[in-house]
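Peer 1: The structure under discussion is supplied below as structure tokens; questions concerning it will follow.
Pasting the structure below:
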């Protein structure tokens, strides 16, 4: 009888140790997956709440394009995201990615922004407008369509086509 008790006790101890090893191996993986799903859900939620619209895009024969965009989403967009955004502008068949100007003076292939920051919090808040000024020699002044695209660092983008108007 004692050998049966001893064998049962060994099986019970082995089962408890095996369950402990299994839990200690699986628990970190489950915890990490929960964190991954949580962060993916947060990023997805943020992308869904971030939206903006190109209100107007115009240019004249001086090769300056001016574009006004309004934050139509419910998410604030930091000024740092505006600075890290991609601006593409030019003829619909010949455009390039432009760089952010570090001064108020534009040279060919550069853009700058003016944020109508109503509450001066360094965020592009819902309802606020950003003006993008871009200088590029790639604008078609003959009346063919030109292309403008603004892409935030998280991949949300809007584009518009416009023609260059001759000054009166």
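Residue numbers (our numbering): 84 to 251.
C-beta: ideal position from N, C-alpha, C; glycine also.
Here the structure is a predicted model, which is why all the values come from computation and not from measurement.
(1) From the DSSP secondary-structure annotation, give me the bridge partner or partners of residue 242.
(2) Just checking residue 150 against the ligand SAM - is the residue's beta carbon closer than 7 angstroms to any of the ligand's heavy atoms?
(3) Between 166, 104, 248 and 155, which has its C-alpha nearest residue 236's C-alpha?
(4) Are residue 195 and residue 216 closer than 8 angstroms when you measure CB to CB?
(5) Can you tell me the Cα-Cα spacing of residue 148 and residue 208, whole angstroms?
(6) Could you give the distance in angstroms between the alpha-carbon of residue 218 and the alpha-carbon of residue 144?
(7) Any contact between the segment 236-247 and the segment 177-195? By contact I mean 3 or more CB pairs, one from each, below 8 angstroms.
Peer 2: Short version:
(1) Among the bridge pairs identified by DSSP, residue 242 is matched with 232.
(2) Only the bare structure without any ligand can be found here, which leaves the ligand SAM out of the picture.
(3) 166
(4) yes
(5) 24 angstroms
(6) As the crow flies, the alpha-carbon of residue 218 is around 11 angstroms from that of residue 144.
(7) no
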